[in-house]
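Each remark here refers to the structure printed beneath this line.
There are 2 protein chains.
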Amino acid sequence: MNDAKTTRRTVLAGAAAAAAFGLGTGTAQAESTGLKIGILLYDGFSLLDPTGPAEVLSRLPGATVTMIAEHRGPVRTDTRDVAVMAERSVAEVSRLDVLLVPGAGNRGTVAAMENQVLLDWIRRVHRHTTWTTSVCTGSLILGAAGLLRDRATTYWASADYLEKTFGVRYVAERYVQVGKVVTAAGVSAGIDLAFHLASLLAGERIARGIQLAVEYDPRPPFDSGDAAKASPELKALALKLLAESQE
Amino acid sequence: MNDAKTTRRTVLAGAAAAAAFGLGTGTAQAESTGLKIGILLYDGFSLLDPTGPAEVLSRLPGATVTMIAEHRGPVRTDTRDVAVMAERSVAEVSRLDVLLVPGAGNRGTVAAMENQVLLDWIRRVHRHTTWTTSVCTGSLILGAAGLLRDRATTYWASADYLEKTFGVRYVAERYVQVGKVVTAAGVSAGIDLAFHLASLLAGERIARGIQLAVEYDPRPPFDSGDAAKASPELKALALKLLAESQE
């Protein structure tokens, strides 16, 4: 049954088909520009916030995605289960085409909002970015850096905090673009944001190609992801699960 | 405008609401059982395959998610952009309630399929799991370990390889359950799989709570994620982008 050992080892069909179609991806130009995408990690970040967008954006022709933190080394998630390596410290990075700030639980978000090294770095990098972006409570960190204007989105349970603290209007969309600042809603919304960014950076054709490349045809088995339709009980349960997973 | 410094630092509203509703999450029982979820990392894995499910499953009451690899330490993705820490070596882990094997590009998948240390470990752990699961080409690794029967899913471009090599029928669903083996389609399908697993492990109520906790209400800006509806040109472009991002 298992003749894997003797089968010619190309497990992905049609890898040569692109040549047959004479497809270009614009790589040459992208590589010459060398699209630099940086994602800021900090203690207690939520795992999917940076990794969802990184999966998508690392497929852009010529792009590099770099995980950055105050210091190089492993950075642990809110649940403490997983650590992702920061490959560069903020001191080593001064220019990015795209900056993405992920969200975190309460503790991680607050610590980042009070970390002047991170806030100064975000402001400095923001001056030259093409897009400055956030996922989940990452928008609160952009707010603490003074970068929010007019409208933004964030994690559903942080909407009131966003409006009261930064004087911007919360918009319940997957992502909200104001000037060059694009904020995304909670956690998984970073994936939708990433496809929007992919189309802005490389055009809709490439964005669609990446969508198929990562088979992003979501079909959740349940329909409970929208806070606007959730009961008070489900909201309370969600926040309880979130809090307990972070203890 | 920014009074963040003086605002009382609870950025998530309603965190105390759970107590008001008298909600239980079944934590006491789950903690006594200590649900152990292990994700196998190997060189060249695709970033979202393990991290999407880890985000969801780490919110299960009492659960721990552990990244495991042949050796402890950072394990790098297919694009080489990102490294996730393996916290345990396979030699350190003999029992898991849930095993998840992520997918990779061609090179990483083939190397894992030929790594007898990994295959032996997967077979050994599988004997006692409640669920043995895969994302993307991870199902080919389960196949190489001799664990596939009857039907399975995998990355769309590996469907022919799956059928010819392991004699199982490819099913174009987000996830396919056969006995205690649950395989998921490409990359992002691991998130849908994870909510299915969450409901199997902790019930639909908890799964729905986690869905709201990570605001999983996907709204892709494009509709190109389904290979069954994709043109030959788009398929070729997707595979070209995938291949070039791994160079």
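Protein chains in written order, with the UniProt record's numbering: chain A, 1 to 247; chain B, 1 to 247.
Think of the CB as a built atom: it goes at the ideal place given N, C-alpha and C, for glycine as much as any other residue.
A quick note: this is a predicted structure, and the numbers were derived from the prediction, not measured.
Look up residue 37/B in the DSSP assignment and give the residues it is bridged to. 65/B, 98/B
Measure from the C-beta of residue 192/B to each C-beta in chain A and report whether the shortest distance is under 8 Å. yes
Cutting at 6 Å between CB atoms, please list the residues of its own chain near residue 200/B, excluding the five before and the five after it. none
Determine the chain B residues that contact residue 156/A at a beta-carbon separation under 7 Å, and present them in chain order. 215
Neighbour-count burial assignment, residue 139/B, 16 or more Cβ in a 10 Å radius: buried
8 Å Cβ cutoff met for residue 136/B and residue 46/B: yes
Is DSSP giving residue 73/B helix, strand or coil here? strand
Out of 60/B, 59/B, 88/B, state which residue places its alpha-carbon closest to the alpha-carbon of residue 42/B. 88/B
Take residue 175/A as the anchor and find which of 167/A, 160/A, 196/A has the nearest alpha-carbon. 196/A
Going along chain E in order, which residues have a C-beta closer than 7 Å to the C-beta of residue 102/A? This model lacks chain E altogether, as its protein chains are A and B.
What number of angstroms, rounded off, separates the C-alpha of residue 226/A from the C-alpha of residue 109/A? 22 Å
Is it the case that the region 150-161 of chain A contacts the region 179-193 of chain A, given that we only count it when at least three CB pairs across the two stretches are under 8 Å? yes
Taking the CB atoms as reference points, tell me whether residue 99/A and residue 38/A lie closer together than 8 Å. yes
Check whether the region 51-64 of chain A touches the region 210-227 of chain B, taking contact to mean three or more Cβ pairs, one atom from each stretch, closer than 8 Å. no
Starting from the N-terminal side, write out each stretch of the alpha helix (DSSP H) that is 4 residues or longer and does not extend beyond the region 157-236 of chain B. 159-166, 189-202, 204-213
Same chain, Cβ closer than 6 Å to residue 202/B, neighbours up to 5 away in sequence not counted: 60
Using beta-carbon positions only, say whether residue 70/B and residue 90/B come within less than 8 Å of one another. yes
Pick out whichever of 62/B, 92/B, 50/B has its Cα sitting closest to the Cα of residue 77/B. 50/B
If you count every other CB in all the chains shown that lies within 10 Å of the CB of residue 211/B, and 16 or more means buried, which is it? buried
Between residue 98/A and chain B, is the shortest Cβ-Cβ distance under 8 Å, so that the two count as touching? no
Taking the C-alpha atoms as reference points, what is the distance between residue 204/B and residue 62/B? 16 Å
Short-range partners of chain A found in the region 130-143 of chain B, where Cβ spacing is below 9 Å: 136, 137, 140, 143
Relative to the alpha-carbon of residue 167/B, which residue among 73/B, 177/B, 146/B has its alpha-carbon at the smallest distance? 146/B
Residue 161/A touches chain B at which residues, Cβ-Cβ below 7 Å? 11, 13
Flag residue 235/A as yes if its beta-carbon sits less than 8 Å from any beta-carbon of chain B, otherwise no. yes
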